[in-house]
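In this text, residue positions in the sequence shown follow the numbering used here: the first is 19, and each later residue adds one.
Each remark here refers to the structure printed beneath this line.
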Amino acid sequence: MSDKRMLIVDAEIARKVDENRGDMDRSEFIAFLIDTCLQEDSEDNTPDRPEFATKADFEQFQQGTRELLKNFLEFFVSYGLEFSKEPKDKIFGELTETLRSLAAKGHDTQSDH
């Protein structure tokens, strides 16, 4: 048989316990709340870490990705142009023009922010 003790709480808290405990008695409900709270604290080792990325985080990631792709494409276009002053391959020429237009669009979207 367990030891019984008295816990004095505000009337408002007692009312909330009674409204939410369902079929449990008061002691079981309070024990459940304490166990649940302690279990969540032990599982969450990263306090204040948002579960999802914020809009600002996503936009920053998106901008960084665009910048990385732009730099990557500029490197390969300039690398290709250094070794062959004029593109001899038609596909390479089309790719170069497409990349230049994308780079120009990247500069336009950066000035909008």
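Ideal placement from N, C-alpha and C gives every residue a C-beta, glycine not left out.
Given the structure is predicted, the values throughout are model-derived calculations rather than measurements.
**Item:** Where the alpha helix (DSSP H) through ARG33 begins and ends
**Value:** 29-38
**Message:** Let me check understanding here. Comparing Cα to Cα, which of ASN38, LEU51, ASN89 lies closest to ALA122?
**Reply:** For the set ASN38, LEU51, ASN89, the Cα lying nearest the Cα of ALA122 is the one of ASN89.
**Between the CA atoms of PHE76 and GLU30 - distance to the nearest angstrom** = Cα-Cα distance, rounded: 43 Å.
**Asked** Since LEU120 and LEU91 are thought to touch, with beta carbons under 8 Å apart, how far apart are those beta carbons, to the nearest angstrom?
**Response** 7 Å
**Asked** So what's ASP75 in DSSP terms, helix, strand or just coil?
**Response** helix
**Item:** Alpha carbon of ALA71 to alpha carbon of ASP28, nearest angstrom
**Value:** 39 Å
**Prompt:** Is PHE70 helix, strand or coil by DSSP?
**Reply:** coil
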